[in-house]
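**Q** Residue numbers for the sequence shown follow our numbering, so the first one is 1 and each next one is one higher.
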Amino acid sequence: MSAKKQDIDFVQATLTAATIVRKVLAPTPLQLNEYLSARYDAKIYLKREDLTPVRSYKIRGAFNFFQKSLAHLGKDARYVCASAGNHAQGFAFACKYFGVAGTVYMPITTPKQKIQKTRAFGGENIDIRLIGDSFDQTNVAARAFSEDTNAFFVPPFDNFDIIEGQATVGLEILQQSSNPIDILIIPVGGGGLAAGVIQIMAALSPRTQVVLVEPAGAASLKQSLEKKRRIKLEQIDTFVDGAAVAQIGEINFDILKTYKSEDIILIKEDGLCETIIDMLNVEGIVLEPAGALEIDALRYISLDTLKNKTIVCLTSGGNFDFERLPEVKERALKASGRKKYYILRLPQRPGALREFLQFLGPNDDVSRFEYFKKSTRNFGSILLGIETTEPENFKLLNNKMNKANIQYQDITDDEVVSNFIV
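(1) If you count every other CB in all the chains shown that lies within 10 Å of the CB of residue 164, and 16 or more means buried, which is it?
(2) Looking at the secondary structure, which residues open and close the alpha helix (DSSP H) in which residue 279 lies?
(3) Whole-angstrom Cβ separation of residue 196 and residue 166, contact assumed at under 8 angstroms?
(4) Would you list the residues sitting across from residue 187 in a DSSP beta bridge?
(5) Leaving aside the five residues before and after residue 288 along the sequence, list all residues of the same chain whose C-beta is less than 7 angstroms from its C-beta, in chain order.
(6) May I ask you to list the residues that DSSP assigns as paired with residue 79?
(7) Hey, is the region 59-73 in contact with the region 147-162, meaning 3+ C-beta pairs nearer than 8 angstroms?
(8) Which residues in the same chain have their Cβ closer than 6 angstroms to the Cβ of residue 368, if we skip the five residues on either side of it in sequence?
(9) Nearest to residue 125 by alpha carbon, out of 136, 95, 106 and 302?
(10) Under a Cβ-count criterion, where at least 16 other Cβ atoms within 10 Å of its own Cβ denotes burial, should residue 379 be classed as buried or exposed?
(11) Is the separation between the beta-carbon of residue 55 and that of residue 28 shorter than 7 angstroms?
(12) DSSP on residue 360, reduced to helix/strand/coil?
(13) Is there a C-beta anywhere in chain D that falls below 7 angstroms from the one on residue 369?
(14) Given a cut-off of 7 angstroms on the beta-carbon distance, is the pair residue 283 and residue 314 in contact?
(15) Nearest by alpha-carbon distance to residue 209: which of 230, 185 and 44 is it?
(16) Would residue 215 and residue 240 be called neighbours here (beta carbons separated by less than 7 angstroms)?
(17) Under 7 angstroms Cβ to Cβ from residue 23, same chain only, skipping five residues before and after it: list those, please.
(18) What residue range does the beta strand (DSSP E) around residue 367 cover?
(19) Using only alpha-carbon positions, find the residue among 389, 410 and 387 that is nearest to residue 398.
(20) Taking all protein chains shown into account, do 16 or more other C-beta atoms lie within 10 angstroms of the C-beta of residue 331, making it buried, or fewer, making it exposed?
(21) Quick one: grab the DSSP three-state call for residue 413.
(22) Let's see if you can read the secondary structure: which residues bound the beta strand (DSSP E) around residue 381?
(23) For residue 269, which residues of its own chain have a beta-carbon under 8 angstroms away from its beta-carbon, when the five flanking residues on both sides are left out?
(24) Secondary structure at residue 113, three-state DSSP: helix, strand or coil?
(25) With respect to the beta strand (DSSP E) encompassing residue 129, which residues constitute its N-terminal and C-terminal limits?
(26) Which partner residues of residue 345 appear in the DSSP bridge assignment?
(27) DSSP beta-bridge partners for residue 313?
(28) Under three-state DSSP, which class holds residue 31?
(29) Which of the three DSSP states, helix, strand or coil, is assigned to residue 428?
(30) Could you name the residues of the same chain whose beta carbon sits closer than 7 angstroms to that of residue 74, not counting the 5 residues immediately before and after it, in chain order?
(31) Please report the residue range of the beta strand (DSSP E) in which residue 233 lies.
(32) So, with DSSP's three-state summary, where would you put residue 221?
(33) Can you tell me which of the three DSSP states residue 339 falls into?
(34) Alpha carbon to alpha carbon, how far is residue 326 from residue 203? Give it in angstroms, no decimals.
(35) Alpha carbon to alpha carbon, how far is residue 213 from residue 391?
Encoded structure:
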């Protein structure tokens, strides 16, 4: 099949999927964001997939899959899926809508908010099972259940019907934009969204540069591109739970392998937290970590590249568990350089601590203090957390401690120690 014929066929399949999806989903807004546009001197739009009924784009692929499968399976079929949260909600929504039974496998580490919403969308039509510490472990369990019970497995991303459903967001973007799109930024987890949208753009808007972004702690696409074959990561950071996948989909990698590894932008998790907090405080937009990846990616692109361009950031989801907010704030402060942790060794004598506290500036705030007194030693250890308004304030503090010959260790970036105590 020629490339042109293949493009036409995919566009037609996606148009059909759009008709199916429209039964439950009106086009999500494409909004000009004045705040980001002013910051980067560009026209920056947000495609608000966080505003779907399940607060992510995942409903598109799941609904398209169910509509097609029911045509030959019938309503007596039982379905099963594995998901870190967003696919589960789309799956549950579809199960209830079509009146079929489904089993949802989710990692034990899934935020409670996503578990509760999945249960709410599926009601009596679904059964939720929490198994595994990561999506990939959960996926193995779900597939085993499928084989043992003959339940029909609904893949989260590695399936043509899923890809076509996710691609409908690309059609909407082109239909909604009054100007040609210069840059479109898309997050990558398993690759279903990216695999669908880049095909739509290649066929209907070839001048659009599609930028793909991954969390640094789960860079399955980038590392697969480096090795020129699909690999499975031995360890991943599950913080960006909506995109933390150890192995990109097989179909999806085959489509995305035209990219070079250096084309993929990796987003640092701590810095991402700054963007989550920023969008919440300034714009009142609630985004989950995977939904903020593409906005955070803007600061990884040169200002000259962005200047005067029309840019779309696909905000993929807003299923944020506010129980995670203290952790997000903590990581955001550390990433901005406005919070540090020290271990100090001070002499065990009256007045030593008071002398040290005089080194703190008017904008320095002690956020954590633990003193470990040793009765048989001349020095004691202090765990100290300090927040400040400007990163430069820590340079002043360090200089004062150096001049006073105070022994200290900055443990902020020591992941082993910091994760243990913070």
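Every residue gets a Cβ at the ideal spot worked out from N, C-alpha and C, and that includes glycine.
**A** According to the structure shown:
(1) buried
(2) Careful: residue 279 lies outside any alpha helix (DSSP H) and carries neither H nor E.
(3) 4 angstroms
(4) 213
(5) 242, 317, 318, 319 and 320
(6) 102 and 152
(7) yes
(8) 385
(9) 95
(10) exposed
(11) no
(12) coil
(13) Structure shown: chain D not included; a single protein chain is present.
(14) no
(15) 185
(16) yes
(17) none
(18) 365-372
(19) 410
(20) buried
(21) coil
(22) 379-387
(23) 215, 216, 217, 237, 239, 240, 289 and 331
(24) helix
(25) 126-130
(26) 381 and 407
(27) 46 and 185
(28) strand
(29) The shown model of the chain, from 1 to 422, leaves out residue 428, and the question about it has no answer.
(30) none
(31) From DSSP, residue 233 is part of no beta strand (DSSP E); its letter is neither H nor E.
(32) helix
(33) strand
(34) 44 angstroms
(35) 28 angstroms
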